[in-house]
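Mapping of the sequence shown onto numbering that gives the first Met the number 0: residues 0 to 272, in sequence order.
Have a look at the structure below, then the notes.
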Amino acid sequence: MKSSITESIKSLPPLSKTIIDVNRVYADEEAGIGDLVKVIEGDPMIVANLLKNANSALYGFGREIRNVSQAVSLFGMSMTRSIALGNSVRKLLNVDMQPYGITSEKFAEVSAMQATFIRKWYSKIDKEKADKLYLAAFLQETGKILIASDIIQEDEEVSFKSEVQYSNNLAQLEKSYVDVTSAEVTAEVFQHWGFDKEFVEMIQYADNPSEAPDEIKEYATALNIVKAVIPVNNPLSEQAINFGLRRAAEAGYDENLLKETIDDMLDMLKVSE
Numbered sequence: 000m001k002s003s004i005t006e007s008i009k010s011l012p013p014l015s016k017t018i019i020d021v022n023r024v025y026a027d028e029e030a031g032i033g034d035l036v037k038v039i040e041g042d043p044m045i046v047a048n049l050l051k052n053a054n055s056a057l058y059g060f061g062r063e064i065r066n067v068s069q070a071v072s073l074f075g076m077s078m079t080r081s082i083a084l085g086n087s088v089r090k091l092l093n094v095d096m097q098p099y100g101i102t103s104e105k106f107a108e109v110s111a112m113q114a115t116f117i118r119k120w121y122s123k124i125d126k127e128k129a130d131k132l133y134l135a136a137f138l139q140e141t142g143k144i145l146i147a148s149d150i151i152q153e154d155e156e157v158s159f160k161s162e163v164q165y166s167n168n169l170a171q172l173e174k175s176y177v178d179v180t181s182a183e184v185t186a187e188v189f190q191h192w193g194f195d196k197e198f199v200e201m202i203q204y205a206d207n208p209s210e211a212p213d214e215i216k217e218y219a220t221a222l223n224i225v226k227a228v229i230p231v232n233n234p235l236s237e238q239a240i241n242f243g244l245r246r247a248a249e250a251g252y253d254e255n256l257l258k259e260t261i262d263d264m265l266d267m268l269k270v271s272e
């Protein structure tokens, strides 16, 4: 990993008190929706982002969500935690995604799409695993923020951006510029913030699942497939979908089940246009 990226990770500020409290409540088996609502209500930025997501067609709640209690009840504790974390992480990292040819808003949208997709897909396979994968999918592209920053600092934005536009392997492209993939950077970021080993490793190996430890391989493979179907530079394009389906078949997944999820996502996105 480039020393500049390593130093950027080391200098990251700690997670906010709100997020620490969200994680504490989530880990407390006796805590409930009301406890999580109380924590979130104290952070206006998280409240605004949570309500924005709740009223997005991506989640399809079908009615206007006006308060935190409604949103948390509908999302549940796991999804609420993921959305709160995603918002706080992007805020801490000062997002500028221009090297990837997208806005910070589009980056947030793609992260939400990946998380929603894996929840819809994996809930049909294993609901417990779907819950774990949701947070990982929501945050797995975080490393791209630091890579984008490094690309800008090295004045390589124009060349990198031109290659991103036509790339069907962003991990390989990232490696050629900064000697590391976004999955590896993301893993280092969340290790720095003290996240558990399983969560860190499922993201760490998402660009190369074959190298993952046996107990992590399935999670890393699922995240890899989702990134193939919904890459930040061309989400749900025909080419991306074909790549994802091919990877799923190679990994032994039911292609029809994945295709159903893709069709559901495409239909949902059409409604929001």
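C-beta atoms are modelled at their ideal positions from N, C-alpha and C, and glycine is treated no differently.
Limits of the alpha helix (DSSP H) - the one that residue i falls within
i	result
residue 52	43 to 53
residue 1	It is not in any alpha helix (DSSP H) - residue 1 carries neither H nor E in the DSSP assignment.
residue 36	32 to 39
residue 118	103 to 121
residue 242	237 to 249
residue 75	67 to 92
residue 62	Where residue 62 is concerned, there is no enclosing alpha helix (DSSP H), given that its DSSP letter is neither H nor E.
residue 21	16 to 26
residue 224	213 to 228
residue 142	142 to 152
residue 172	169 to 177
residue 202	196 to 203
residue 130	126 to 138
residue 183	181 to 191
residue 156	156 to 163
Spatially closest choice to residue i from the options, by CA coordinates
i	options	result
residue 137	123, 117, 145 and 124	117
residue 267	52, 58 and 46	58
residue 142	121, 89 and 211	89
residue 130	114, 166 and 70	114
residue 177	152, 189 and 221	152
residue 32	9, 43 and 74	74
residue 72	225, 36 and 187	36
residue 167	237, 260 and 251	237
residue 214	197, 48, 186 and 224	197
residue 79	171, 181, 47 and 106	47
residue 148	252, 173 and 61	173
residue 101	235, 194 and 163	163
residue 94	252, 217, 169 and 146	146
residue 106	127, 144 and 258	144
residue 112	181, 235, 258 and 246	235
For residue j and residue i, believed in contact at Cβ under 8 angstroms, the rounded distance
i	j	result
residue 54	residue 82	That belief does not hold up - the Cβ atoms of residue 54 and residue 82 are roughly 12 angstroms apart, past 8 angstroms.
residue 67	residue 40	5 angstroms
residue 77	residue 121	So it is not a contact: roughly 13 angstroms between Cβ atoms.
residue 139	residue 222	6 angstroms
residue 103	residue 96	6 angstroms
residue 19	residue 179	Not quite, the Cβ-Cβ distance comes to about 28 angstroms (not below 8 angstroms), so this is no contact.
residue 190	residue 184	At roughly 11 angstroms, the Cβ-Cβ gap does not stay under 8 angstroms, so residue 190 and residue 184 are not in contact.
residue 187	residue 8	5 angstroms
Spatial neighbours of residue i in its chain, beta-carbon cut-off 6 angstroms, leaving aside the 5 residues before and after
i	result
residue 239	228, 230 and 233
residue 0	179
residue 45	39, 83 and 86
residue 192	14
residue 243	224, 227 and 228
residue 264	116
Cβ neighbours of residue i in the same chain (closer than 7 angstroms, five flanking residues each side left out)
i	result
residue 219	201, 204, 205, 208 and 211
residue 42	17
residue 159	98, 150 and 176
residue 280	Residue 280 falls outside the range modelled here, since the chain spans only 0 to 272, and no answer is possible.
residue 269	none
residue 24	30, 34, 35 and 38
residue 123	256
residue 260	116, 119 and 120
residue 216	208
residue 60	53 and 73
Same chain only: Cβ atoms within 8 angstroms of residue i, ignoring 5 sequence neighbours per side
i	result
residue 248	254
residue 65	50
residue 27	34
residue 258	244
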